[in-house]
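Colleague: Mind looking over this structure? Questions follow.
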Amino acid sequence: MYYLGVDGGGTKTTAVLSDLSGETVRTIKAGVGNIALLDRGSTAHLIRSILRSLLAGEKTDRILRATFGFAGAGRPEEKEMVSALIRAAGIKNFTVMTDAEILHYAIFGEQQGMLISAGTGSICVIRNEQSKFQQIGGWGYLLGDEGSGFYIGNRAIKQALLEIVAGEKPSRLTNELLLFYGLEKPENLITITYSSINPPKLVASCARLVCDLAEQGEPNAQKIVEDAATALLNLASLAVKQYQGEKPAIYKVALAGSILKESSIVNHLFKKRAAEKGLHFEYTRQELPPSAAGVLYSIKTDGKSAPASLIEKLKGIQFAE
Numbered sequence: 000m001y002y003l004g005v006d007g008g009g010t011k012t013t014a015v016l017s018d019l020s021g022e023t024v025r026t027i028k029a030g031v032g033n034i035a036l037l038d039r040g041s042t043a044h045l046i047r048s049i050l051r052s053l054l055a056g057e058k059t060d061r062i063l064r065a066t067f068g069f070a071g072a073g074r075p076e077e078k079e080m081v082s083a084l085i086r087a088a089g090i091k092n093f094t095v096m097t098d099a100e101i102l103h104y105a106i107f108g109e110q111q112g113m114l115i116s117a118g119t120g121s122i123c124v125i126r127n128e129q130s131k132f133q134q135i136g137g138w139g140y141l142l143g144d145e146g147s148g149f150y151i152g153n154r155a156i157k158q159a160l161l162e163i164v165a166g167e168k169p170s171r172l173t174n175e176l177l178l179f180y181g182l183e184k185p186e187n188l189i190t191i192t193y194s195s196i197n198p199p200k201l202v203a204s205c206a207r208l209v210c211d212l213a214e215q216g217e218p219n220a221q222k223i224v225e226d227a228a229t230a231l232l233n234l235a236s237l238a239v240k241q242y243q244g245e246k247p248a249i250y251k252v253a254l255a256g257s258i259l260k261e262s263s264i265v266n267h268l269f270k271k272r273a274a275e276k277g278l279h280f281e282y283t284r285q286e287l288p289p290s291a292a293g294v295l296y297s298i299k300t301d302g303k304s305a306p307a308s309l310i311e312k313l314k315g316i317q318f319a320e
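Start counting the sequence shown at 0; every next residue gets the next number (numbering that gives the first Met the number 0).
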């Protein structure tokens, strides 16, 4: 019998299927898992294809309990839509949460803590004194995603277009963007953005380039990543205000996602600005993939305890491309 954990975000979906002993552990990596970007049929197909691949011919009733974390599943109506599709796929006992909530559980377990995640999108999640999740930001690329990969890429593309309007010589940032996307003229950035089937992913894909250029001293890129760090710190500052009662002397904070990975310039700028602002943050690292944490959450909600050997095995799992 198995336990399942699924983590679906703006770029990819990962899933882990495991028995209680850890003797059988199967993994899969699939496409976009943000249900705000998928229609009902595509979401159903994603769920069924994950189950089909992981079960390898076995029946769905072999899954005792499952945990699904999907970006875009934070509101009751979206959560119920996903739940209906999961039930239709044959899973009886399951929990639906957001990808940020399952990531928070992967890092902090049942403990309080502040998660700031910036990948394609951005979000801040805290767990309050009543063990309830509270979300700050995470409203998608049209209404939010401040400091995210999309934010950085969007600002960079806008900079290239503004240079045309101003009749300026293309900056190094603009020239590098054109090389990155394989384009001849800045105007073509408009075409590829609006013709893309996934504009947030396409725009965010250049964020690493912008961060690299910022580290090399390109002034436009530097301004963009500095603003990104400030935007993410603003989310954290809002989160601090959400804590009720006596404020902790030190806040446990985890920085996650490709934009805030340990070696990134945005990570370094965030920590520097937080210290300058007098925010007392103790930074915690992620050791467990979110979908693997979903397995542990499924085991816990099934009334069982995961053996230490399984936890260690889940920490080291890899997802093939």
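For glycine and all other residues, C-beta sits at the position ideal for the given N, C-alpha and C. Computed from a predicted model, the values in this text were never measured in an experiment.
In the DSSP output, what is Glu-281 paired with across the bridge?
Modeller: DSSP lists Lys-251 as partners of Glu-281.
Colleague: Looking only at its own chain, which residues have a Cβ that is under 8 angstroms from the Cβ of Arg-47, when we skip the five neighbours before and after it?
Modeller: Cβ neighbours of Arg-47 beyond the five flanking positions: Ala-88.
Colleague: Any chance you could list the beta strand (DSSP E) runs of at least 3 consecutive residues sitting entirely within the stretch 94-125, in chain order?
Modeller: Runs found: 113-117.
Colleague: Could you tell me the distance, in whole angstroms, from the CA atom of Thr-59 to the CA atom of Glu-183?
Modeller: C-alpha separation (whole angstroms): 51 angstroms.
Colleague: Less than 8 angstroms between the CB atoms is what I'm expecting for Val-95 and Phe-132, so what's the real figure, rounded?
Modeller: Not really, about 13 angstroms apart at Cβ, beyond 8 angstroms.
Colleague: Rounded C-beta distance between Leu-278 and Ala-235? I'm assuming under 8 angstroms.
Modeller: Yes, they are in contact, since the Cβ atoms of Leu-278 and Ala-235 sit about 7 angstroms apart, within 8 angstroms.
Colleague: Quick check on the burial criterion: 16 or more other C-beta atoms within 10 angstroms. Buried or exposed for Gly-256?
Modeller: Gly-256 comes out buried.
Colleague: Just the Cα atoms here: how many angstroms apart are Arg-25 and Ile-163?
Modeller: Near 51 angstroms, if we compare the C-alpha coordinates of Ile-163 and Arg-25.
Colleague: Can you give the beta carbon distance from Val-5 to Gly-293, rounded, assuming they're within the 8 angstroms contact cut?
Modeller: Rounded, the Cβ-Cβ distance is 6 angstroms, consistent with contact.
Colleague: Report the rounded CA-to-CA distance for Leu-36 versus Tyr-2, giving the unit in angstroms.
Modeller: Roughly 27 angstroms between the two C-alpha positions.
Colleague: What does the alpha-carbon distance come out to for the pair Gln-285 and Asn-266?
Modeller: Their Cα atoms are separated by approximately 14 angstroms.
Colleague: With DSSP as the reference, identify every bridge partner of Leu-182, one or two as the case may be.
Modeller: DSSP lists no partner for Leu-182.
Colleague: What's the C-alpha gap between Ser-116 and Leu-231?
Modeller: Each residue's alpha carbon lies about 9 angstroms from the other.
Colleague: Just how far apart, CA to CA, sit Leu-309 and Ala-105?
Modeller: Rounded to the nearest angstrom, the two C-alpha atoms are 14 angstroms apart.
Colleague: Quick check on the DSSP output: the alpha helix (DSSP H) that includes Thr-192 runs from which residue to which?
Modeller: Note, Thr-192: alpha helix (DSSP H), 187-194.
Colleague: Can you give, in chain order, each stretch of the alpha helix (DSSP H) that sits fully within the stretch 283-308 and has at least 4 residues?
Modeller: Counting only runs of 4 or more, we get 289-300.
Colleague: Among Leu-19, Ile-156 and Ala-72, which has the Cα closest to the Cα of Arg-61?
Modeller: Out of Leu-19, Ile-156 and Ala-72, Leu-19 has the C-alpha closest to the C-alpha of Arg-61.
Colleague: With burial defined as no fewer than 16 other Cβ atoms inside 10 Å of the residue's Cβ, what is the status of Gly-181: buried or exposed?
Modeller: Answer is exposed; the Cβ neighbour count stays below 16.
Colleague: Under the DSSP definition of a beta bridge, which residues are partnered with Ala-6?
Modeller: A small correction: the amino acid at residue 6 is Asp; Ala does not occupy that position in the sequence shown. Answer is Thr-13 and Gly-68, bridged to Asp-6.
Colleague: Just how far apart, CA to CA, sit Asn-33 and Gly-8?
Modeller: Between Asn-33 and Gly-8, the C-alpha separation is close to 5 angstroms.
Colleague: For Lys-58, name the three-state secondary structure that DSSP assigns.
Modeller: Here Lys-58 sits in coil by DSSP.
Colleague: Within 8 angstroms, do at least three Cβ pairs link the stretch 167-176 to the stretch 138-145?
Modeller: Judged by Cβ distances under 8 angstroms, the stretch 138-145 makes no contact with the stretch 167-176, as fewer than three pairs qualify.
Colleague: List the endpoints of the continuous beta strand (DSSP E) containing Lys-28.
Modeller: 24-29 is the extent of the beta strand (DSSP E) around Lys-28.
Colleague: Just to check, is the beta-carbon of Thr-59 closer than 7 angstroms to a non-hydrogen atom of the ligand MG?
Modeller: No copy of the ligand MG occurs in the structure displayed, which carries no ligand at all.
Colleague: Is DSSP giving Gln-158 helix, strand or coil here?
Modeller: Helix, per DSSP.
Colleague: So, at 6 angstroms on beta carbons, what are the nonlocal neighbours of Asn-153 in its own chain, with the 5 sequence-adjacent residues on each side left out?
Modeller: Excluding residues within five positions, the ones whose Cβ falls inside 6 angstroms are Val-202.
Colleague: Tell me the rounded alpha-carbon separation between Ile-90 and Val-31.
Modeller: The alpha-carbon atoms of Ile-90 and Val-31 are separated by roughly 21 angstroms.
Colleague: Label Gly-315 either buried or exposed according to how many other C-beta atoms from any shown protein chain fall within 10 Å of its C-beta, with 16 as the threshold for buried.
Modeller: Exposed, since its Cβ has fewer than 16 Cβ neighbours within 10 Å.
Colleague: From Asp-226, Arg-272, Ile-49 and Gln-317, pick the residue whose C-alpha is nearest to that of Tyr-369; which is it?
Modeller: Residue 369 lies beyond the stretch modelled for the chain, which goes from 0 to 320, so this question has no answer here.
Colleague: Can you look up Phe-318 in the DSSP assignment and give me helix, strand or coil?
Modeller: Phe-318: coil per DSSP, three-state reduction.
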